[in-house]
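What follows is a short report on a single structure.
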Amino acid sequence: MQHDRHEERTPVELEVAYEEPGRQRFFPALNLSASGIFLAAEESPELGQEVRVVLSLPPNGIFLRIQGQVVRHAGGSEPHGFAVAFEAVDERTRSDLKEFVRECRSS
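Residue numbers for the sequence shown follow our numbering, beginning at 10 and rising by one.
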């Protein structure tokens, strides 16, 4: 499964709720863009798994719940974890994400 990264990413330190059918878990996010997020985890869900991530963007606590799909696993010399590509993100949410990434990169 190939996923194109087409949005600017930034390193982040956020705790993210990760929801899959039947359960919710919490993972630290290592980077974020308007099109996806990378979560640190020793065990990763299956590639292609449909999920929802729930996060609060500082400093204003903008609350976002975003549908996505697991598109990549990482490990070895990279931090262990998995990438989620956001799907069907509305314009308001995309704008909030882009603004947050811009603020992180400028600070």
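Glycine is no exception: its CB is placed at the ideal position from the N, C-alpha and C atoms.
(request) Would you mind working out which of Ser42, Leu23, Ala50 and Phe35 sits nearest histidine 82, comparing C-alpha positions? (result) Ala50
(message) For a test of the three-state rule: what should DSSP assign to arginine 103, helix, strand or coil?
(response) helix
(request) Could you tell me how far apart the beta carbons of glutamate 24 and serine 42 are, in whole angstroms, since I believe they sit closer than 8 Å? (result) Actually they are not in contact, since the Cβ atoms of glutamate 24 and serine 42 sit about 18 Å apart, beyond 8 Å.
(message) Less than 9 Å between the beta carbons of alanine 38 and glutamate 22, yes or no?
(response) Yes.
(request) Return the CA-CA distance between arginine 61 and leucine 73, expressed in angstroms with no decimal places. (result) 10 Å
(message) Strictly by DSSP, which residues pair up with serine 65?
(response) Phe72
(message) Give me, in chain order, the residues of the same chain whose beta-carbon lies closer than 7 Å to that of alanine 97; leave out the 5 immediate sequence neighbours on both sides.
(response) Gln76
(message) Helix, strand or coil for arginine 114? Go by DSSP, reduced to three states.
(response) helix
(request) Answer with buried or exposed for glycine 90, where buried requires no fewer than 16 other C-beta atoms within 10 angstroms of its C-beta. (result) buried
(message) With the cut-off set at 9 Å, would you say alanine 92 and leucine 48 are in Cβ contact?
(response) yes
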